[in-house]
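K.L.:
Residue numbers (my numbering), protein chains in the order written: chain A, 1 to 464; chain B, 1001 to 1464. Cβ coordinates follow ideal geometry from the N, Cα and C atoms, glycine included. Note that the coordinates shown come from a computational prediction; the quantities given were computed from them, not determined experimentally.
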């Protein structure tokens, strides 16, 4: 019986002939694992994690390169590991020779910069025998006298920073005030306040670092959603999370860690610190939204599929484990329904579809695709699963947009011209390649308008 | 040269003759360490922690009873440990055969029960195909329709509990609402909402569990402030905390752990859970207040000795590591100055001294004593160190109120009648005993009104 191996988050699946190692199998499927020693167990670089299935026992080479804790978590060297049953194998980003491609580019979109937080430069008189007010009170009095602000709340961690910054910054600090009411952060006087915007997709995460004064995007990061190792679609994630609170928290932790890493890297890239990020906004479908907040996802999987919460939320970053400014808020846009989430609301807002005069259709294609039909201010939205088709699942040569995937394709006469990611030999076809292929087949008259293959000299009858 | 050993938090100090173990020395000073084996290193019960000074190396018996981590933290068996220099030794409560006495009794005080939180029993219609609102929205709508409440905020952890409780409690839960604005907790329908009141003293901590509906005190706990091992007075604590943020956080953690333990024990005692505590109030002197909040204490030790903050604060329990209801607030009364803190404000409020007509003096005697003179609504407060005198420090036979301390004393003719804590043989004198002794000496005319000893047949000239 043939053994099948599924490499995630790349999305390459295929047969592993008997006696082949996971590394051999990966090579055959075009998954470019790093291996410096040629697969002899002596470089320790082809680390993978076995998520499901039975494999051969760890070898002495693996015990040399992997800590007991990692071995316990089923980390293995691909070159020393032989599948004994069908397997699901996670490839950590650091084991890939070419990183997976995630799109973060977009059309520029004009909007007014009006963040909920505003930074004030505040110079406070030092205490003296004639002025024995507490640091916080002197600080608040200046905010009130000079800036006309009556803040009602000071975040406890902002308090913790206040006295230290005042005394080391010659009694001048930046107060970051949210909605004119709460001091969410106290920063040294120089750094510009930063914002973080996150699109938390089922498959991919896009994160952007913004200058909150100019509104400019300073840096962007695309990455795979690390939860993918626990299920490719939202239903699989919900099922995994429902098995125990610990598993739900594990999924949550994976995303939080990825976002913290992205925030820190982007901040470093622009010469700042993650703690200068004083406001964040995050969108995702309802399941991603709930998992990120630690909300139960059970109701999403049971009729009538209601969310725990649909309203917009403001949650302290630290309450979610985010290591930006600890008093900063993360704003979450409202959800519409169990399967039409905050990411769709973001799409509605960004396209301003409510104010287009004519009947207009909005498509947000992803692992889940959300569709909105708008006409004369009335909007009707729905969603459907589409990831499997667009991301290569259930397509015999399908794969995600990793190295070797055909991402563009053209029929030129009898020839097929194509471009692969990384320009290497083709190993499969990703979503954009599949769309290109369909469009080209349609244009060439090989596929009819109902999607059916016509008889054509180049079309062979197969067994599918 | 004689070696002196100081046993804390008991407060017993004395000479340790050469060749005596810490256990021998403790016995001689009346510190009642548990030892079941008679000091032969075979019961492992006389565990102490060496905080300062040099002692003999650990023995094989100690390696048997103490983990490497505990040995690393200078935990030792008193019977196997011989001091080589002057030492300071901490006696953990579990190593004492009779617990130290801390007073939590007080006169009853009538007040109106008006906590900032109120619990509402809310029955929510289950979702259906005709009612696809999110759980939170259906819940909020009922709160608004039935109870006229428009809550603006729902704590994120209350959200996390909401859906689960609704589905397991037949769609009826208790919403705990603070100031009519924020849902701080969602509880099952039965448990009564509880409150926690804490007096965080430099030496002792008193904690009370209250029924927030009736205002009744359900349970009380007195305990030593575990920070005492790092300094007996506030100046010593501030010095220790200032040496590094890690040390400050360590002091904070000690108190938080003690309070969490007390809260859990009291809740268990009344058949409840610590997570049913939905509001807390804490007072302490300014240094204890700042250390508990993780605020810098440096400014308190430098002229002009200003606090970081004097205003009253409401801080989320979870932000301080308190394991009561995670969305609950801890209310901290305002501080007045660097050395007149929130505990004094509590004393002013409890005695209502502002409204006494005549000139009135309020004394709050503790490790620090705060004094307030009130006349015609004008109040003048100050503080002074008094712990050393009242708690036995710098008194040759002084000690804290532990087993064997003379706590009451009377002169009857030529005889001295006294009572010790635990009714055992006397080993020293604690604060109340010292006060009794002074009062009796004054009454007998042996001490004059200026505090001077008169010549008296029973008074001997000594060398002090």
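1) Go to residue 1015 of chain B, then tell me how far its beta strand (DSSP E) extends in each direction, as first and last residue.
2) Within its chain, find whatever has a CB closer than 8 angstroms to the CB of residue 1344 of chain B; leave out the 5 residues flanking it on each side and keep chain order.
3) Rank B/1212, B/1247, B/1261, B/1319 by C-alpha distance to the C-alpha of residue 326 of chain A and give the top, closest one.
4) Using the three-state DSSP reduction, which class does residue 375 of chain A fall into: helix, strand or coil?
5) At 4 residues or longer, what runs of the alpha helix (DSSP H) sit wholly inside the stretch 1242 to 1323 of chain B?
6) Do you know how far the Cα of residue 159 of chain A is from the Cα of residue 1198 of chain B?
7) Could you tell me whether any Cβ in chain A is nearer than 8 angstroms to the Cβ of residue 1294 of chain B?
8) Go through its chain and collect everything with a Cβ distance to residue 1237 of chain B's Cβ below 7 angstroms, but skip five positions before and after it.
9) Who are the near neighbours of residue 58 of chain A in its chain, counting only those whose CB is closer than 6 angstroms to its CB and skipping five residues on each side?
10) From residue 321 of chain A to residue 256 of chain A, what distance separates their C-alpha atoms?
11) Can you check which of these residues, A/346, A/339, A/375, A/347, is closest to residue 355 of chain A by C-alpha distance?
12) Using 8 angstroms as the limit for Cβ to Cβ distance, is residue 1137 of chain B near chain A?
13) Return the residue from the list B/1396, B/1426, B/1433, B/1445 that minimises the CA-CA distance to residue 1413 of chain B.
14) If you measure from the beta carbon of residue 268 of chain A to each beta carbon in chain B, is any gap under 8 angstroms?
15) Give every residue of the same chain whose Cβ lies closer than 6 angstroms to the Cβ of residue 1418 of chain B, excluding the five residues on either side of it in the sequence, and list them in chain order.
16) Rounded C-beta distance between residue 1193 of chain B and residue 1119 of chain B? I'm assuming under 8 angstroms.
17) I'd like to know if residue 149 of chain A contacts chain B, where contact means its C-beta is closer than 8 angstroms to some C-beta of that chain.
18) Looking at the secondary structure, which residues open and close the alpha helix (DSSP H) in which residue 1364 of chain B lies?
19) How would you list, in chain order, the residues of chain B whose beta-carbon sits under 7 angstroms from the beta-carbon of residue 125 of chain A?
20) Specify, as a first and last residue, the run of the alpha helix (DSSP H) that residue 1222 of chain B falls within.
21) Does any CB atom of chain B fall closer than 8 angstroms to the CB of residue 352 of chain A?
22) Exposed or buried, residue 1203 of chain B, counting other C-beta atoms within 10 Å across all chains shown (16 or more means buried)?
23) Strictly by DSSP, which residues pair up with residue 368 of chain A?
24) Please name the residue or residues paired with residue 1193 of chain B in a DSSP beta bridge.
25) Going by alpha carbons, who is nearest to residue 1348 of chain B out of B/1377, B/1368, B/1149, B/1324?
26) Is there a Cβ from chain A that is less than 8 angstroms from the Cβ of residue 1160 of chain B?
27) From which residue to which residue does the beta strand (DSSP E) around residue 1420 of chain B run?
28) Please list, in chain order, the residues of the stretch 295 to 322 of chain A that have any C-beta partner in chain B closer than 7 angstroms.
29) Cβ closer than 7 angstroms: which chain D residues qualify as neighbours of residue 1184 of chain B?
30) Contact check, residue 1262 of chain B vs residue 1303 of chain B under 8 angstroms by CB: the rounded distance?
31) To the nearest angstrom, how far is it from the Cα of residue 211 of chain A to the Cα of residue 1272 of chain B?
32) Which same chain residues, not among the five before or five after residue 1178 of chain B, have their C-beta less than 6 angstroms away from its C-beta?
33) Step through the CB atoms of chain B and report whether any lies within less than 8 angstroms of the CB of residue 346 of chain A.
34) Is residue 18 of chain A buried or exposed, if buried means 16 or more other CB atoms sit within 10 Å of its CB?
35) With DSSP as the reference, label residue 1049 of chain B as helix, strand or coil.
36) Comparing alpha-carbon positions, which option in A/137, A/313, A/396, A/169 lies nearest residue 469 of chain A?
P.N.:
Let me spell this out:
1) 1012 to 1016
2) Close CB contacts of residue 1344 of chain B within its chain, under the 8 angstroms cut and outside five residues either way in sequence, are with 1285, 1336, 1364, 1370, 1372, 1381, 1383 (chain order).
3) Cα-wise, what sits closest to residue 326 of chain A is B/1319.
4) Residue 375 of chain A carries a strand assignment under DSSP once its states are collapsed to helix, strand and coil.
5) 1245 to 1269, 1286 to 1293, 1298 to 1301
6) Going by the C-alpha atoms only, they are around 22 angstroms apart.
7) yes
8) 1227, 1230, 1231, 1251, 1287, 1291
9) Closer than 6 angstroms at the Cβ level, and outside the excluded window around residue 58 of chain A, lie 71.
10) Cα to Cα, residue 321 of chain A sits roughly 7 angstroms from residue 256 of chain A.
11) Of the candidates A/346, A/339, A/375, A/347, the residue whose Cα lies closest to the Cα of residue 355 of chain A is A/375.
12) yes
13) B/1445
14) no
15) Only residues of its own chain outside the window of five on either side were considered, and among them 1406, 1409 have a CB closer than 6 angstroms to the CB of residue 1418 of chain B, listed in chain order.
16) 5 angstroms
17) Chain B, which has no Cβ nearer than 8 angstroms to the Cβ of residue 149 of chain A, makes this no.
18) Looking at the DSSP string, residue 1364 of chain B is not in any alpha helix (DSSP H); the run it does join, the beta strand (DSSP E), is 1360 to 1364.
19) Going along chain B, no residue has its Cβ under 7 angstroms from residue 125 of chain A, so there is no contact; the nearest lies around 12 angstroms.
20) Where residue 1222 of chain B is concerned, there is no enclosing alpha helix (DSSP H), although the beta strand (DSSP E) around it starts and stops at 1217 to 1224.
21) Not one chain B Cβ lies under 8 angstroms of residue 352 of chain A.
22) buried
23) A/385
24) According to DSSP, which records beta bridges pairwise, residue 1193 of chain B is partnered with nothing at all.
25) B/1377
26) With 8 angstroms as the cut-off, residue 1160 of chain B counts as an interface residue toward chain A.
27) 1415 to 1420
28) Taking 7 angstroms as the upper bound on Cβ-Cβ separation, chain B lies near residues 295, 296, 299, 304, 306, 307, 308, 309, 310, 311, 315, 319 of the stretch 295 to 322 of chain A.
29) In the structure shown, chain D does not exist; the protein chains are A and B.
30) About 36 angstroms separates the two Cβ atoms, so there is no contact after all.
31) Cα to Cα, residue 211 of chain A sits roughly 49 angstroms from residue 1272 of chain B.
32) 1116, 1117, 1184
33) no
34) exposed
35) strand
36) Outside the displayed span of chain A (1 to 464) sits residue 469 of chain A, for which this structure offers no information.
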